[in-house]
Amino acid sequence: MKLRSILDLPCGMRAVFSNLQLCSSLSSHLLLEREMYVSSGKIASHYNLISNLLTDLSYNRASLLTEKVRGLLFGLRDIRNTLSAVSAGRVPDDIELFEIKSLAMISQSIRPLLKEISKSLPELPDLESVVKLLDPDDIRIPSFYIYDSYSSELASIRKRIKSLNEFNEDLYAESSIIEDKIREQLAKEIRIHIENLSLSLHHLADTDILLAKAALFVRWNLTIPELSDDRIYYEGMFNPEVSEILERQGLSYQPVSVTIDSKNPAVLMGANMGGKSVTLRTLALSQFMFQFGFGVPAKRATIVPVHEIFHLSGDYQDVNKGLSSFAAEMRMADKLLKHSTQSSSILALLDEPARTTNPYEGKALVESLITILKERQILTIVATHYNVDAPGCVKMRVRGFEDGRMNYELIIAKDGEVPREAINIAKSLGIDDIWLEKASELLNRK
Amino acid sequence: MPFVQEILSCRSISVVGLGKNTGKTECLNYILNRLPADGFTVAVSSAGIDGEVTDQVTGTSKPEIFLREGTLFATSEKHYRERRVVSELLDISYRKTSLGRVVTARVIAGGKSQLSGHPTTEALKFWIERATGLFKADLAIIDGALSRVSIASPAITEGLVLATGAAISASMDTLVFKTSYMVSLINLEKTTIPMINEDNLPSSGTWLLCSNGELKQVSGGGAFSSGSIHPDEFADGIALFVSGALTDRLLSQVRISCLKFGIELIVRDFTKIFVSHPNFISFIKSGGIIRVINRSKLIALCANKVTPEGYVLDSHKLCEKLSIAVNLPVYDIRRIRYEA
Chain A
0 MKLRSILDLP
10 CGMRAVFSNL
20 QLCSSLSSHL
30 LLEREMYVSS
40 GKIASHYNLI
50 SNLLTDLSYN
60 RASLLTEKVR
70 GLLFGLRDIR
80 NTLSAVSAGR
90 VPDDIELFEI
100 KSLAMISQSI
110 RPLLKEISKS
120 LPELPDLESV
130 VKLLDPDDIR
140 IPSFYIYDSY
150 SSELASIRKR
160 IKSLNEFNED
170 LYAESSIIED
180 KIREQLAKEI
190 RIHIENLSLS
200 LHHLADTDIL
210 LAKAALFVRW
220 NLTIPELSDD
230 RIYYEGMFNP
240 EVSEILERQG
250 LSYQPVSVTI
260 DSKNPAVLMG
270 ANMGGKSVTL
280 RTLALSQFMF
290 QFGFGVPAKR
300 ATIVPVHEIF
310 HLSGDYQDVN
320 KGLSSFAAEM
330 RMADKLLKHS
340 TQSSSILALL
350 DEPARTTNPY
360 EGKALVESLI
370 TILKERQILT
380 IVATHYNVDA
390 PGCVKMRVRG
400 FEDGRMNYEL
410 IIAKDGEVPR
420 EAINIAKSLG
430 IDDIWLEKAS
440 ELLNRK
Chain B
0 MPFVQEILSC
10 RSISVVGLGK
20 NTGKTECLNY
30 ILNRLPADGF
40 TVAVSSAGID
50 GEVTDQVTGT
60 SKPEIFLREG
70 TLFATSEKHY
80 RERRVVSELL
90 DISYRKTSLG
100 RVVTARVIAG
110 GKSQLSGHPT
120 TEALKFWIER
130 ATGLFKADLA
140 IIDGALSRVS
150 IASPAITEGL
160 VLATGAAISA
170 SMDTLVFKTS
180 YMVSLINLEK
190 TTIPMINEDN
200 LPSSGTWLLC
210 SNGELKQVSG
220 GGAFSSGSIH
230 PDEFADGIAL
240 FVSGALTDRL
250 LSQVRISCLK
260 FGIELIVRDF
270 TKIFVSHPNF
280 ISFIKSGGII
290 RVINRSKLIA
300 LCANKVTPEG
310 YVLDSHKLCE
320 KLSIAVNLPV
330 YDIRRIRYEA
């Protein structure tokens with residue numbers, strides 16, 4: 000699964016991506032094409048790298064050097080096409096030679112800096128010979144033309160061109176022929192270094208990505224989680240996007256702690272506006288962030304890497320396909336069930352499944368779904384308003400209203416307890432009294 | 000050269016034509032040829048496609064731009080590849096145009112190239128900053144495209160050279176009439192009313208300048224919704240500041256409902272005026288005053304006696320008539336080329 004494909008899912012990965020301060024558009028292209036990590040080994044080694052990098056960056060001098068590197072990275076251009084064309088035998092024109100030269104020069108300037116900042120940053124290949132080739136006069140500025148020093152014949156023709164007052168077609172044509180020969184020769188010599196150039200291009204983009212990730216770690220207070228095989232646990236999990244919005248309004252996000260066990264599906268109950276959806280979205284976001292190597296928004300976390308993440312966010316009504324919200328949701332759940340027969344490496348985050356149908360059937364649908372997912376040992380968390388009674392699941396609920404304020408903390412719910420806070424919450428919203436009193440009356444009669 | 004001293008006093012100038020085939024490119028070549036050669040760096044770019052061998056629209060032959068040694072120029076990737084000049088590539092823009100990115104280069108040995116350029120006026124402004132700052136050019140010259148006058152805005156270039164010619168109209172009277180109208184817009188005087196925050200005026204809308212110096216937005220004062228300007232709002236005002244385009248409709252509204260309050264109409268600069276000639280005249284005749292915040296410096300008026308179809312006007316007579324109408328010296332580039 001590529002990062003690009005999950006960017007616009009409701010969990011909000013786009014916010015993570017757009018908060019990354021990448022210097023070069025090449026880096027963002029490459030990052031979006033990255034596949035999600037699924038093997039524990041790869042994830043562990045990536046976080047090992049980031050952890051070392053974060054330590055190295057915390058030293059005083061590092062920030063100064065990092066800023067220097069970032070400044071240089073702004074000049075990095077995507078010349079993958081040029082490099083592959085040159086390696087396939089095409090002779091580059093002046094524009095392409097200029098771009099190759101500037102890549103080589105940027106790489107040479109950044110190379111010693113990366114060594115000094117951290118061993119966790121990529122080691123760039125030495126491109127000094129490319130720089131020398133394209134800067135024969137050793138001027139060390141990233142401009143380019145077919146310099147006089149490449150050929151004495153060219154130099155003398157140019158001298159004649161300059162001495163004339165009028166534009167001379169013949170002389171210009173003569174000089175162009177020599178220039179073309181020189182370009183061919185340059186291409187031959189560049190071809191020897193093409194692998195190193197390409198390596199350097201990718202390493203520079205990697206550097207950009209790693210530095211941006213490290214900066215986000217610090218800015219958002221992200222954590223490197225521990226790995227587990229069967230249990231997901233977050234302590235003090237927060238949604239970075241929502242908490243930034245709240246902070247701007249002078250409010251603060253209340254972090255929550257949550258556990259998902261592959262043997263015991265979690266059922267999340269509780270009041271409307273209790274943050275259930277946000278919790279599920281944050282769980283989806285955290286899982287993606289974790290598996291793309293961004294770290295997670297929590298104080299502490301233990302996470303199971305999975306192959307697939309199913310987040311049923313509840314907004315699936317698709318008029319274009321002519322599906323009602325119920326049909327769309329059923330299809331999604333069906334897909335989840337089909338996939339779960341093949342692999343148990345799935346995280347299922349279901350936000351009020353079957354909410355759009357009658358409570359009697361809805362409850363049955365949810366209970367049976369949970370039971371099947373439990374049998375298949377799928378990591379599951381379900382948010383619902385139905386009083387589901389599936390054996391072996393862990394019921395949690397949002398603590399709810401306390402002294403007129405919402406407490407978003409998740410606690411283990413007692414068995415048989417049906418959260419009844421809809422009317423209280425409606426009251427706090429200032430909804431019509433006559434209506435709510437009537438509803439309370441009806442409830443009491445039952 | 001007649002007007003070289005005026006050009007040298009500017010950091011950036013634009014060469015704009017009143018229409019197509021008015022001799023802009025010839026005018027540009029003329030200027031490029033006569034600027035001092037030693038220790039003076041010129042940067043040239045264009046606001047569109049220019050410098051083609053044949054005109055992209057009418058198919059008539061056009062002069063190429065000759066670039067001499069040391070000149071900085073910006074052109075699109077496509078035209079850089081087609082250049083016939085030895086040049087050192089200095090910079091490539093990140094923004095793409097329909098002809099590729101914009102390349103900035105320095106001429107090593109004189110030759111010819113097509114100039115094509117920056118997609119937006121903002122990009123052009125940025126390029127001028129860069130050319131005169133980072134690359135240390137003494138003067139930036141922007142070649143206008145088609146009849147794009149917006150680049151002549153004093154917000155972009157300090158001075159302008161206006162090219163007019165028989166291509167506008169083969170009737171000398173119509174030509175003189177149209178040209179003198181444009182010149183009168185260019186020469187609109189700078190307002191004497193002090194504006195608070197002159198560098199940071201609102202970027203859109205119509206605003207009433209009150210006697211205490213405050214700006215009050217006029218409801219319904221947009222260029223296209225100006226039907227609803229309410230005369231009552233003007234009781235306290237001394238001037239009306241139009242931030243965007245001044246359209247015929249807005250101008251008529253002001254003439255009908257606000258002139259009686261003795262209000263001055265202020266626009267940013269002449270490029271924001273999109274008003275027909277009769278409407279402009281009737282506004283002025285009714286006692287209206289139009290002023291600008293940034294006045295343009297019209298360096299010279301050049302006239303081209305030839306139309307693309309080959310019709311030729313009498314050069315002497317044309318220059319004389321124009322000169323009387325606009326009260327400025329008028330040059331026929333082709334003629335003075337031999338006299339210079």
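Read top to bottom, the protein sequences are chains A and B.
Under numbering that gives the first Met the number 0, read the first sequence as residues 0 to 445, first letter to last.
Under numbering that gives the first Met the number 0, read the second sequence as residues 0 to 339, first letter to last.
We treat Cβ as the ideally placed atom computed from N, Cα and C, and that holds for glycine.
In this text the structure is predicted, and so the values were computed from the model without any measurement.
> Between the beta-carbon of B/LEU250 and the beta-carbon of B/LYS271, is there less than 8 Å?
Replying inline: Residue numbering aside, residue 250 of chain B sits at position 251 when the second sequence is read from its first letter. Residue numbering aside, residue 271 of chain B sits at position 272 when the second sequence is read from its first letter. Taking 8 Å as the Cβ cut-off, B/LEU250 and B/LYS271 do not qualify as a contacting pair.
>> Can you tell me whether A/GLN107 is helix, strand or coil according to DSSP?
In response: Numbered from 1 along the first sequence, position 108 holds the residue referred to as residue 107 of chain A. DSSP places A/GLN107 in helix when its eight states are reduced to three.
> On the three-pair Cβ rule with 8 Å, is the region 363-377 of chain A touching the region 329-340 of chain A?
Replying inline: Output reads yes: the region 329-340 of chain A touches the region 363-377 of chain A.
> Since B/GLU68 meets chain A, which of its residues come closer than 9 Å, beta carbon to beta carbon?
Replying inline: Numbered from 1 along the second sequence, position 69 holds the residue referred to as residue 68 of chain B. The answer, in chain order, is LYS161.
>> Tell me whether A/PRO135, by its Cβ, gets closer than 7 Å to a heavy atom of the ligand FMN.
In response: Of the ligands one can find in the structure shown there are none, so the ligand FMN has no counterpart to examine.
>> So if I threshold CB-CB distances at 7 Å, which residues from the region 106-122 of chain A count as touching chain B?
In response: Cβ contacts with chain B come from no residue of the region 106-122 of chain A.
> Which residues in chain B sit within 9 Å of A/SER142, going by Cβ to Cβ distance?
Replying inline: Locating residue 142 of chain A in the first sequence gives position 143, counting from the first residue. Under the 9 Å cutoff, chain B gives GLU87, LEU88, LEU89, ASP90, ALA104 and ARG105.
>> So B/ILE298 and B/PHE2 are supposed to be a Cβ contact under 8 Å. How far apart are they, rounded?
In response: For the purposes of this step, residue 298 of chain B is identified with residue 299 of the second sequence, where counting begins at 1. For the purposes of this step, residue 2 of chain B is identified with residue 3 of the second sequence, where counting begins at 1. That pair is a contact at about 5 Å.
>> Taking the beta carbon of A/VAL473 as the centre, do at least 16 other beta carbons fall within 10 Å, making it buried, or is it exposed?
In response: With chain A running from 0 to 445 in the structure shown, residue 473 of chain A is simply not present.
>> Tell me which residues share the same chain as A/ILE5 and place their Cβ nearer than 7 Å to its Cβ, disregarding the 5 neighbours each side in the sequence.
In response: In the first sequence, counting from the first residue as 1, residue 5 of chain A sits at position 6. So the qualifying residues of the chain are MET12 and PHE287.
>> Below 8 Å on the Cβ atoms is my contact criterion, and I expect A/ASP93 with A/PHE143 to pass it. Report the Cβ-Cβ distance as a whole number of Å.
In response: Position 94 of the first sequence holds residue 93 of chain A. Position 144 of the first sequence holds residue 143 of chain A. For a cut-off of 8 Å, the C-beta gap from A/ASP93 to A/PHE143 is around 6 Å, short enough to register as a contact.
> Along the chain, which unbroken stretches of the alpha helix (DSSP H) at least 4 residues long are found entirely within the region 206-286 of chain A?
Replying inline: Taken in chain order, the complete alpha helix (DSSP H) segments of 4 or more residues contained in the region 206-286 of chain A are 239-247.
> In whole angstroms, what is the alpha-carbon distance linking B/VAL325 and B/VAL182?
Replying inline: In the second sequence, residue 325 of chain B corresponds to position 326, counting from 1. In the second sequence, residue 182 of chain B corresponds to position 183, counting from 1. If I take the Cα positions, the gap works out to 7 Å.
> Are any of the Cβ atoms in chain B nearer than 8 Å to that of A/TYR171?
Replying inline: Residue 171 of chain A sits at position 172 when you count from the first residue of the first sequence. By this cut-off, A/TYR171 is an interface position.
>> Suppose only complete runs of 3+ residues qualify. What are the beta strand (DSSP E) ranges in the region 249-329 of chain B, listed by chain order?
In response: Those beta strand (DSSP E) runs which fall completely within the region 249-329 of chain B and span 3+ residues are 263-266, 289-291 and 296-303.
>> According to DSSP, simplified to helix, strand and coil, what is A/ASP388?
In response: As a position in the first sequence, residue 388 of chain A is number 389, starting the count at 1. Three-state DSSP puts A/ASP388 in coil, outside helix and strand.
>> Could you pull the DSSP bridge partners for B/ALA108 from this structure?
In response: As a first step, residue 108 of chain B is located in the second sequence; it is residue number 109 there, counting from the start. DSSP lists B/VAL85 as the bridge partner or partners of B/ALA108.
>> Buried or exposed, going by whether 16 or more other CB atoms sit within 10 Å of the CB of A/ASN357?
In response: Residue 357 of chain A sits at position 358 when you count from the first residue of the first sequence. So A/ASN357 ends up on the exposed side.
> What in chain B is Cβ-close to A/ARG330, meaning under 9 Å?
Replying inline: Residue 330 of chain A sits at position 331 when you count from the first residue of the first sequence. Going along chain B, no residue has its Cβ under 9 Å from A/ARG330, so there is no contact; the nearest lies around 41 Å.
>> If I measure Cβ to Cβ from A/SER86 and keep anything under 7 Å in the same chain, skipping five residues before and after, which residues do I get?
In response: In the first sequence, the residue the question calls residue 86 of chain A occupies position 87. For A/SER86, where only same-chain residues beyond five positions count, the Cβ hits under 7 Å are ARG190 and ILE193.
>> Spatial neighbours of A/ARG448 within its chain, please: C-beta separation below 6 Å, excluding the five flanking residues on both sides.
In response: This structure leaves residue 448 of chain A out entirely; chain A is present only between 0 and 445.
> Between which two residues does the alpha helix (DSSP H) harbouring B/PHE134 extend?
Replying inline: Within the second sequence, the letter at position 135 stands for residue 134 of chain B. It is not in any alpha helix (DSSP H) - B/PHE134 carries neither H nor E in the DSSP assignment.
> What are the start and end residues of the alpha helix (DSSP H) that includes B/SER11?
Replying inline: By one-based count along the second sequence, residue 11 of chain B stands at place 12. Counting along the chain, B/SER11 falls outside any alpha helix (DSSP H), though it belongs to the beta strand (DSSP E) covering 11-16.
> Using 8 Å as the Cβ pair cut-off and three pairs as the minimum, do the region 291-305 of chain A and the region 28-40 of chain A touch?
Replying inline: The region 291-305 of chain A is in contact with the region 28-40 of chain A.
> In chain order, what residues of the same chain lie with their CB nearer than 8 Å to the CB of B/LEU159, ignoring the 5 residues before and after it?
Replying inline: Here residue 159 of chain B corresponds to residue number 160 of the second sequence, with the count starting at 1. Contacts found: ILE12, SER13, VAL14, VAL15, ALA151, ILE185, SER295, LYS296, LEU297 and ILE298.
> What residues in the region 104-134 of chain B have a beta carbon less than 7 Å from any beta carbon of chain A?
Replying inline: Answer in chain order: ILE107, ALA108, GLY109, GLY110 and LYS111.
> Which value, in whole angstroms, describes the spacing of the CA atoms of B/SER281 and B/LEU208?
Replying inline: As a working note, residue 281 of chain B is residue 282 in the second sequence. As a working note, residue 208 of chain B is residue 209 in the second sequence. Rounded to the nearest whole angstrom, the CA to CA distance from B/SER281 to B/LEU208 is 24 Å.
> chain A partners of B/GLU76, CB-CB under 8 Å?
Replying inline: To locate residue 76 of chain B, count along the second sequence from 1; it is residue 77. Residues of chain A passing the Cβ test: ILE94.
> Which residues bound the beta strand (DSSP E) around B/VAL164?
Replying inline: Position 165 of the second sequence holds residue 164 of chain B. Sequence inspection shows Gly at residue 164 of chain B; the Val mentioned does not correspond to that position. Looking at the DSSP string, the run of the beta strand (DSSP E) that includes B/GLY164 is 158-164.
> From B/VAL213 to B/ARG248, what does the alpha carbon distance come to, in whole angstroms?
Replying inline: For the purposes of this step, residue 213 of chain B is taken as residue 214 along the second sequence, with counting starting at 1. For the purposes of this step, residue 248 of chain B is taken as residue 249 along the second sequence, with counting starting at 1. This sequence places Glu at residue 213 of chain B; Val is not what is there. Cα-Cα distance, rounded: 25 Å.
>> Given this structure, state the Cα-to-Cα distance separating A/LEU52 from A/LYS426, to the nearest angstrom.
In response: The residue you call residue 52 of chain A lines up with position 53 of the first sequence. The residue you call residue 426 of chain A lines up with position 427 of the first sequence. Across the structure, A/LEU52 and A/LYS426 are spaced so that their CA atoms are roughly 51 Å apart.
> Would DSSP call A/SER24 helix, strand or coil?
Replying inline: In the first sequence, residue 24 of chain A corresponds to position 25, counting from 1. DSSP places A/SER24 in helix when its eight states are reduced to three.
> Are the C-beta of A/ARG190 and some C-beta of chain B separated by less than 8 Å?
Replying inline: Stepping through the first sequence from its first residue, residue 190 of chain A is reached at position 191. It does not; no Cβ of chain B falls within 8 Å.
> Where A/GLU122 and A/ILE424 are concerned, what is the direct C-alpha to C-alpha distance, given to the nearest angstrom?
Replying inline: Residue 122 of chain A sits at position 123 when you count from the first residue of the first sequence. Residue 424 of chain A sits at position 425 when you count from the first residue of the first sequence. Going by the C-alpha atoms only, they are around 58 Å apart.
> At least one CB of chain A closer than 8 Å to the CB of B/TYR180: is that the case?
Replying inline: Sequence index remark: in the second sequence, residue 180 of chain B carries index 181 (1-based). For B/TYR180, the answer is no, since every Cβ of chain A falls outside 8 Å of its Cβ.
> Touching or not, the region 53-63 of chain A and the region 95-113 of chain A, by the rule of three or more beta carbon pairs under 8 Å?
Replying inline: Using a C-beta cut-off of 8 Å, the region 53-63 of chain A makes no contact with the region 95-113 of chain A, since fewer than three inter-stretch Cβ pairs fall below that distance.
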